Amino acid sequence: MDRRPETLAAQALHHIDAETGAVIPPLHPATTFARDAGNQLIGPRDYARPQGPNADHAAAIVAALEGAKAARLFASGLGAASAVFETVAPAGHVVAQSRMYHGTRKLLARLAATGRITLSWFDPDAPESLAGTIEPGRTELVWIETPANPSWTILDIAACARAAHEAGAILAVDGTCAPPCTTRALDLGADLVMHSATKYLNGHSDVLAGVVATRETDARWTRLGEIASLSGATPGAFESWLLVRGLRTLFVRFERQSANAMALARALRDHAAVSHVLYPGLATHPGHAIAARQMTGGYGGLLSLRLKGGFAAAGKLAASTQVFIQATSIGGVESLIEHRKPIEGPDSPTPDDLVRLSCGIEAEADLVGDLVAALDGL
Ligand SMILES: *Cc1c(COP(=O)(O)O)cnc(C)c1O
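When the count follows UniProt numbering, it moves up by one through the sequence shown with no breaks and lands on 378 for the last residue.
What follows is the structure in structure tokens.
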């Protein structure tokens, strides 16, 4: 029987431990695995660096949720992104959006500065510029992030995949902010989808991990596996085990986080201190129509406010909430608030007046009441 993704996630792929019958997987901290008298491995692996049993289990769950041929776990989201970029030929051409998660932007800029790749940016607010930025026969990889952290700009994954494929390139999507409970990037034509599992996939702000899932187990995928193992960006067994635990509740967490964010977006959009509420779930968001097609399980818990009072007001707001905790990161069950510009630095294209909110699963009235009171106090 084909189980639906909610069921696969909740049951961690209907996992039952063969030895004990336990419905929760054992934690395998072993780094090494024995051979028999004939020097044959007893199990499927000899050593934990390529990927241990707990990481295998987490990766298999993500692969099932993404409809992927395979998935691989990494020690962090940026570790996963780095491995994807490392599959690009020396000085190969990469096209990426100019506004996205600042860590990936910095990583790409650094790889370009050292000559490891050649890089062209395109403006995600003018997505029609993508086709002109891709160079047919030369561009190897197109990298997009949707919704893009922290502006929540939406890109049409299917359209980007067509543009990449027409030019002989592949499309890789950072799906961190649209986990597979709402968007299945591979179904929309992407070749690779990467997540910072630190965020929604784990969802409890207690694991650093990343994952890449693939539509095809092709030569690039083999290379990515070798890079993962040889670069040693492997997650620990306990992190992988915790990630399996987190993944089981992904669908219900995301549903509640989406509902909280929608309520907050609606409650704050007309507040006198707010110039813009950036949330793809609002009909007024420029990417709403695409998001409505592409984010079938909700728009997520992430939104940003732009404040009329500029940099100073943004700093003050982030420091004055009582329920939202002032901290970086996104996707956890506890709500977080952050003034982004001081975090991203002066080179960042993120506006001075932007405050990022990551809604958790708390009571909606507590979150709305907290933000309204903090905005009233500016
Ligand atoms: C956090 C984040 C990353 C990096 O993930 P880490 O697990 O922190 O390395 C990449 N992309 C996006 C969109 C993120 O929010």
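Every residue, glycine too, gets a C-beta built ideally from N, C-alpha and C. Computed from a predicted model, the values in this text were never measured in an experiment.
query: Within 10 angstroms of its Cβ, does N54 collect 16 or more other Cβ (buried), or is it exposed?
result: Per the 10 Å Cβ criterion, buried.
query: Do A75 and P235 have their CB atoms nearer than 8 angstroms?
result: One thing to note: A75 has its Cβ within 8 angstroms of the Cβ of P235.
task: Verify whether the separation of the beta carbon atoms of L307 and A314 is less than 8 angstroms.
output: Judged by beta-carbon spacing, A314 lies within the 8 angstroms limit of L307, meaning their Cβ atoms are closer than that value.
task: With a floor of 3 residues, list each beta strand (DSSP E) that falls wholly inside the region 60-97, ordered by position along the chain.
output: The region 60-97 contains, as complete beta strand (DSSP E) runs of 3+ residues, the segments 70-74 and 92-97 (chain order).
- prompt: Excluding five sequence neighbours on each side, which residues of the same chain lie with their C-beta closer than 6 angstroms to the C-beta of A189?
  reply: The displayed chain sequence assigns Gly, not Ala, to residue 189. Closer than 6 angstroms at Cβ, skipping near neighbours: A158 and A161.
message: Taking the straight line between their C-alpha atoms, what separation do you get for A28 and G52?
response: In the sequence under discussion, the amino acid at residue 28 is His, which differs from the Ala named in the question. Looking at the two C-alpha atoms, the distance is approximately 8 angstroms.
field: Cα-Cα separation between N260 and I361, rounded to whole angstroms
entry: One C-alpha to the other measures close to 7 angstroms.
- prompt: Is S231 near ligand 1, with its Cβ less than 7 angstroms from a heavy atom?
  reply: Not one heavy atom of ligand 1 is found less than 7 angstroms from the C-beta of S231.
- prompt: Would you call the region 203-217 and the region 64-71 in contact, with 3 or more CB pairs under 8 angstroms?
  reply: At 8 angstroms Cβ cutoff, the stretches touch.
- prompt: Are the region 84-98 and the region 124-139 touching by the rule of at least three beta carbon pairs closer than 8 angstroms?
  reply: Because the criterion of three Cβ pairs below 8 angstroms is met, the region 84-98 and the region 124-139 touch.
field: L278 beta carbon less than 8 angstroms from that of V368
entry: Here V368 is not near L278, since their CB atoms are 8 angstroms or more apart.
- request: Say yes only if the C-beta of N202 is nearer than 7 angstroms to one or more non-hydrogen atoms of ligand 1, and no if none qualify.
  value: Look at N202: its beta carbon is at least 7 angstroms from all of the heavy atoms in ligand 1.
message: From the DSSP secondary-structure annotation, give me the bridge partner or partners of V212.
response: DSSP lists R72 and M194 as partners of V212.
query: If you draw a straight line from the C-alpha of V62 to the C-alpha of D376, how long is it?
result: Each residue's alpha carbon lies about 42 angstroms from the other.
task: Could you say which of D2, E338, V23 and L371 lies nearest to R248 if we only look at CA atoms?
output: Relative to the Cα of R248, the nearest Cα in the group D2, E338, V23 and L371 belongs to V23.
message: Which same chain residues end up closer than 6 angstroms to M100 when comparing Cβ atoms and leaving out the 5 residues on each side of it in sequence?
response: Contacts found: E145 and A148.
field: Sequence-distant residues of its chain with Cβ nearer than 7 angstroms to residue 379 (five each side left out)
entry: Residue 379 falls outside the range modelled here, since the chain spans only 1 to 378, and no answer is possible.
field: Per DSSP, the bridge partner or partners of V355
entry: According to DSSP, V355 bridges with L305 and H339.
- prompt: Hey, how far is the Cα of S129 from the Cα of D156?
  reply: Cα to Cα, the separation comes out at about 13 angstroms.
- prompt: Using a threshold of 7 angstroms, is the CB atom of S358 nearer than that to any non-hydrogen atom of ligand 1?
  reply: The answer is no for S358.
- prompt: Going by C-alpha distance, which of H271, I227 and M262 is nearest G281?
  reply: Looking at the Cα atoms, M262 is the closest of the given residues.
query: According to DSSP, is D36 helix, strand or coil?
result: Of the three classes helix, strand and coil, the one that applies to D36 here is coil, per DSSP.
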